[in-house]
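Student:
Number of protein chains: 2
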Amino acid sequence: MTGIPSRAGIAPAEGLRERKRRETRQRIAEVALRLFLTDGYDGTTLDAIAAAAGISRRTFFSYFKSKDDIILFGLDADSAMLIADLLKTSPDVAPLDAVRDVMVKRIASYTTEQMIAVDNLMMSSESLLARKQTRYAEQEQLLFNALCEVWRQPERRAALRMVAMVSIGAMRVALAGWREQTGQRKPAAKFLRDAFDSLRTEL
Amino acid sequence: MTGIPSRAGIAPAEGLRERKRRETRQRIAEVALRLFLTDGYDGTTLDAIAAAAGISRRTFFSYFKSKDDIILFGLDADSAMLIADLLKTSPDVAPLDAVRDVMVKRIASYTTEQMIAVDNLMMSSESLLARKQTRYAEQEQLLFNALCEVWRQPERRAALRMVAMVSIGAMRVALAGWREQTGQRKPAAKFLRDAFDSLRTEL
DNA sequence: AATAATATTGCACTTAGTGCAAATAAACAA
DNA sequence: TTGTTTATTTGCACTAAGTGCAATATTATT
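So the protein sequences, as listed, match chains A and B. Taking the working numbering, the leading residue of the first sequence gets 3, the next gets one more, and so forth. Taking the working numbering, the leading residue of the second sequence gets 3, the next gets one more, and so forth.
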């Protein structure tokens, strides 16, 4: 029993431990990304990352479970926002349109350089490329779960699974097309809209 | 100058070298798969595989470029057949219908036990799961190329990209649904047809 | 049989990742 | 402050995948 310091229960008033942990994790990610961009992914060892972040090699693994995981740092927040947006939509609109609108809105908020840099990095390593694909699969699953929350009729589940698959796929194809264009004029949002339009055309 | 042995040029009359190489590769794959099923993927070392196949550990890498690659052995032949079938279809039918029909036809020819065994294996290891996803991405690309061969109008390329994406996606979702069903009564082909039907419904 | 081309092997090496136990630092109670 | 509990950091030894290289063995060629 003994009093909880000041504020009760919720928001446990981040102590020194939590803060340092958060900062260290952030520092590792920043330092690693910088090294990746200069020396390449495969050319950067965990020893180098640990040294640059001021920790031991062993400690790295208490922050990230693998070298690959560094790249995924921060990306979860993005898809969480997308899901949050989607959960706010009305069940009256068509699921595919809802997802498209939410995606288009989100994609416009990204900075171009960051996206290209991270994407190029991912293309440079086999294991990162593989990791990227599994991430799409995970996102598809999350999206499907969210869709089921909004459109709750059980008889539509099979269709919603297809909507999730098609949406993540359209996003993937759109981003690939956007990345491959020479000169980078058109915004990613346009590629995304075109991809969803193409779906209707041929199907 | 100097006669080509007996038959000219084409089909260079497989010599001892080629035959042994083919046999060794086959033997490694068989032996490895057997070990994977008994000891698990991560529980099977390359040393064990090499020993069981009667080669040195170093030699393994002249047959497969990684441990993961063993699983993919033989799968290429399957997708090659699918592509070959597709290339025979007429440009008059709708691309998506053509792909669906070819897939349904192909999937019926698989033996159930094999599929389940390999699939369970893939689920058991992170790196194999990642590999499976990249394989889907590769198949999507191959399928897109084939579609462009049959339906040659440049203005339809964007749509064909979507058809490829959607088709591989439908197959992926169908196989996942088929695998997860308890009791394994319905054939995979039915799941595949339902998946393609669901596409039309919600889109 | 001699020679050229290719395959196999052993060896040393790098790197990612894990288990464990000792040392260190933060949180908490008196 | 001091002592105690609890979480974190670290070093060390280890496993296993994968690579480079040079020596050896095998197959092909003339």
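The beta-carbon is built from N, C-alpha and C at its ideal position, and this holds for glycine as well. As the structure is a prediction and not an experimental result, all values here were calculated from the model.
1. Using three-state DSSP, classify B/E16 as helix, strand or coil.
2. Taking just the CA atoms, how far does A/V104 sit from A/L84?
3. Under 9 Å, Cβ to Cβ, is there at least one residue of chain B near A/P156?
4. Taking B/R133 as the query, report the chain A residues whose CB atoms sit under 8 Å from its CB, ordered along the chain.
5. Do B/A166 and B/V120 have their C-beta atoms closer together than 9 Å?
6. So, does the CB of B/Y65 fall closer than 9 Å to a CB anywhere in chain A?
7. For a quick check, are the C-beta atoms of B/W153 and B/L162 less than 9 Å apart?
8. If you check the beta carbons only, do A/R36 and A/A53 fall under 9 Å apart?
9. For chain A, find out if any of its Cβ atoms is closer than 9 Å to the Cβ of B/Y138; answer yes or no.
10. Note the first and the last residue of the continuous alpha helix (DSSP H) segment covering B/P97.
11. In whole angstroms, what is the alpha-carbon distance linking A/R181 and A/I109?
12. If you reduce the DSSP assignment to three classes, tell me which class B/S127 lands in.
13. Exposed or buried, what is A/E142 when buried is set at 16 or more other beta-carbons lying within 10 Å of its beta-carbon?
14. How long is the line joining the alpha carbons of A/F75 and B/M124, rounded to whole angstroms?
15. With 9 Å set as the bound, which would you pick, yes or no: does the beta-carbon of A/V168 sit closer than that to a beta-carbon of chain B?
16. Any residues in the segment 183-205 of chain B with a beta carbon nearer than 8 Å to a beta carbon of chain A? Which ones, in chain order?
17. Does any CB atom of chain B fall closer than 9 Å to the CB of A/M77?
18. Between B/T61, B/F198, B/V95, which has its C-alpha nearest A/A160's C-alpha?
19. How would you call B/Y112, buried or exposed, if buried means at least 16 neighbouring beta carbons within 10 angstroms?
20. Return the chain-ordered ranges of every alpha helix (DSSP H) run that is complete within the segment 34-66 of chain A and spans a minimum of 4 residues.
21. Taking a cut of 9 Å between CB atoms, which residues from the segment 94-117 of chain B lie near chain A?
22. When you compare the CB positions of B/S169 and B/L98, do they come within less than 9 Å of one another, or not?
23. Where B/A172 and B/L194 are concerned, what is the direct C-alpha to C-alpha distance, given to the nearest angstrom?
24. Is the Cβ-Cβ distance between A/E204 and B/A96 less than 9 Å?
25. Cα-Cα, which of A/A82, A/T40, A/A178, A/D70 is closest to A/S129?
26. For B/L149, which residues from the same chain have a beta carbon less than 8 Å from its beta carbon, with the 5 sequence-adjacent residues on both sides left out?
27. List, in chain order, every chain B residue whose beta-carbon is nearer than 8 Å to that of A/R181.
Tutor: Answer, in terms of the structure:
1. In the second sequence, counting from the first residue as 1, residue 16 of chain B sits at position 14. In this structure, B/E16 counts as coil in the three-state DSSP scheme.
2. As a position in the first sequence, residue 84 of chain A is number 82, starting the count at 1. As a position in the first sequence, residue 104 of chain A is number 102, starting the count at 1. Cα-Cα distance, rounded: 7 Å.
3. Along the first sequence, read from residue 1 onward, the residue named residue 156 of chain A stands at position 154. No, because no Cβ of chain B sits closer than 9 Å to the Cβ of A/P156.
4. Within the second sequence, the letter at position 131 stands for residue 133 of chain B. By Cβ distance, chain A contributes A132.
5. Translated into positions along the second sequence, residue 166 of chain B becomes position 164. Translated into positions along the second sequence, residue 120 of chain B becomes position 118. Their beta carbons are not under 9 Å apart, which means B/A166 does not touch B/V120 by this criterion.
6. If you number the second sequence from 1, residue 65 of chain B lands on position 63. Not one chain A Cβ lies under 9 Å of B/Y65.
7. Residue mapping note: residue 153 of chain B aligns to position 151 of the second sequence, counting from 1. Residue mapping note: residue 162 of chain B aligns to position 160 of the second sequence, counting from 1. Taking 9 Å as the cut-off, the Cβ atoms of B/W153 and B/L162 count as close.
8. Here residue 36 of chain A refers to the residue found at position 34 when the first sequence is read from its first residue. Here residue 53 of chain A refers to the residue found at position 51 when the first sequence is read from its first residue. Cβ atoms of A/R36 and A/A53: not closer than 9 Å.
9. Working through the second sequence from its first residue, we reach residue 138 of chain B at position 136. It does: the Cβ of B/Y138 has a partner Cβ on chain A nearer than 9 Å.
10. On the second sequence, residue 97 of chain B is found 95 positions in, with the first residue counted as 1. That run of the alpha helix (DSSP H) goes 97-109.
11. One-based indexing of the first sequence puts residue 181 of chain A at position 179. One-based indexing of the first sequence puts residue 109 of chain A at position 107. Here the alpha carbons of A/I109 and A/R181 stand approximately 13 Å from one another.
12. Translated into positions along the second sequence, residue 127 of chain B becomes position 125. The three-state reading of DSSP puts B/S127 in coil, since its state is none of H, G, I, E or B.
13. Indexing the first sequence from 1 puts residue 142 of chain A at position 140. Within a 10 Å sphere around the beta-carbon of A/E142 sit 16 or more other beta-carbons, which makes this residue buried.
14. Counting from 1 along the first sequence, the entry for residue 75 of chain A is found at position 73. Counting from 1 along the second sequence, the entry for residue 124 of chain B is found at position 122. In this model, A/F75 and B/M124 are separated by some 25 Å (Cα to Cα).
15. The sequence position of residue 168 of chain A within the first sequence is 166, counting from 1. At least one chain B Cβ lies under 9 Å of A/V168.
16. Answer set for the segment 183-205 of chain B: D196, A197, S200, L201, R202, T203, E204, L205.
17. Locating residue 77 of chain A in the first sequence gives position 75, where the first residue counts as 1. Contrary to the premise, residue 77 of chain A reads as Leu rather than Met in this sequence. No, no contact with chain B.
18. Here residue 160 of chain A refers to the residue found at position 158 of the first sequence. Distances from the CA of A/A160 to each of B/T61, B/F198, B/V95 were compared; the closest alpha carbon is that of B/F198.
19. Taking the second sequence and counting its residues from 1, one reaches residue 112 of chain B at position 110. Note on B/Y112: under 16 other CB atoms within 10 angstroms of its CB, so exposed under the neighbour-count rule.
20. Runs found: 48-55, 59-62.
21. For the segment 94-117 of chain B, which is checked against every Cβ of chain A, the residues closer than 9 Å are A96, P97, L98.
22. Position 167 of the second sequence, counted from the start, is the residue given in the question as residue 169 of chain B. Position 96 of the second sequence, counted from the start, is the residue given in the question as residue 98 of chain B. At a Cβ-Cβ threshold of 9 Å, B/S169 and B/L98 count as neighbours.
23. In the second sequence, the residue the question calls residue 172 of chain B occupies position 170. In the second sequence, the residue the question calls residue 194 of chain B occupies position 192. In this model, B/A172 and B/L194 are separated by some 7 Å (Cα to Cα).
24. Stepping through the first sequence from its first residue, residue 204 of chain A is reached at position 202. Stepping through the second sequence from its first residue, residue 96 of chain B is reached at position 94. Cβ distance < 9 Å, so A/E204 and B/A96 count as in contact.
25. The residue given as residue 129 of chain A occupies position 127 in the first sequence. Here the closest residue by C-alpha is A/D70.
26. Here residue 149 of chain B is taken as the residue at index 147 of the second sequence, counted from 1. Around B/L149: L88, P97, V101, L162, V165, A166.
27. If you number the first sequence from 1, residue 181 of chain A lands on position 179. Simply none; closest approach about 14 Å.
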